[in-house]
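Residue numbers (the UniProt record's numbering): 1 to 230.
Every residue gets a Cβ at the ideal spot worked out from N, C-alpha and C, and that includes glycine.
Predicted model only: the values in this text are computed from it and were never measured.
Notes follow once the structure below has been shown.
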């Protein structure tokens, strides 16, 4: 391709063209010349776009090019979760084996953070995207009416108490009880010694089995016992 045609081709390129190479896990040294020119021949700029694309699309660290850009896996997931919370995204269930076990961020905790931030900023419930609002409602039991009521309680507390009570005190302390289907898989999450001390003998036996044998179908277990340990 001669210089004139290359410049014309580059002018027509968009971020989507660069994204294509990121999706294909193309490292800088393997990028076509025209793509490098678009990026100002800057590997740093490409690395920046790789990180941005990976976080926005909640990509897994292992198996993706972002592992060459961000050396710390834990830092990457910290950034990803903070971005997802700030942008009111759906909880990254596809990464739950990492964010629950390693970062102790459950869907319940995630949506509590989102609700707390929204209310502290006094933003409307309509700020929540539909899918995020539906999932938060499923786990927290907070819909539009409950949200408005909590906002009013929070404002009232600010007027009554010189030092405002924590908004977190008004929010649920545990998830709404949900139906557990027999085909669901149960697996151990992030478990501390202090968590284990709160379990009774049957619950400890269940936990030991999950740790030793891996995830199990709910239908093969005591459903009531599973519900208690969620």
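Opening and closing residue of the alpha helix (DSSP H) in which residue i lies
| i | result |
| --- | --- |
| residue 231 | Residue 231 is absent from the structure shown; the chain starts at 1 and stops at 230. |
| residue 97 | 96-99 |
| residue 85 | 73-86 |
| residue 33 | 33-38 |
| residue 54 | 43-56 |
| residue 234 | Absent from the model: residue 234. The displayed extent of the chain is 1 to 230, so no value can be given. |
| residue 68 | 66-69 |
| residue 229 | 223-229 |
For residue j and residue i, believed in contact at Cβ under 8 Å, the rounded distance
| i | j | result |
| --- | --- | --- |
| residue 119 | residue 167 | 6 Å |
| residue 76 | residue 82 | Actually they are not in contact, since the Cβ atoms of residue 76 and residue 82 sit about 11 Å apart, beyond 8 Å. |
| residue 207 | residue 182 | No, residue 207 and residue 182 are not in contact; Cβ-Cβ is about 20 Å, not under 8 Å. |
| residue 68 | residue 27 | 7 Å |
| residue 185 | residue 216 | 7 Å |
Those residues which DSSP pairs with residue i across a bridge
| i | result |
| --- | --- |
| residue 185 | 217 |
Complete runs of the alpha helix (DSSP H) confined to the region 110-181 [at least 4 residues]: Those alpha helix (DSSP H) runs which fall completely within the region 110-181 and span 4+ residues are 130-140, 144-160.
Pairing CB atoms from the region 84-92 with CB atoms from the region 63-70, are three or more of them under 8 Å? No, the region 84-92 does not touch the region 63-70.
Spell out a yes or no on whether the region 104-121 and the region 167-185 are touching, meaning 3 or more CB-CB pairs, one atom from each, closer than 8 Å. With the cut-off at 8 Å, the region 104-121 and the region 167-185 touch.
Would you say the region 176-192 touches the region 128-143, given that touching needs at least three Cβ pairs under 8 Å? Yes, since at least three Cβ pairs between the region 176-192 and the region 128-143 fall closer than 8 Å, the two stretches touch.
Cβ contact check for the region 42-50 and the region 18-28: 3 or more pairs under 8 Å: Using a Cβ-Cβ distance cut-off of 8 Å, the region 42-50 and the region 18-28 are in contact, since at least three pairs of beta carbons, one from each stretch, lie closer than that value.
Is there contact here, the region 149-156 with the region 115-132, by at least three beta-carbon pairs under 8 Å? Cβ pair count under 8 Å is three or more, so yes.
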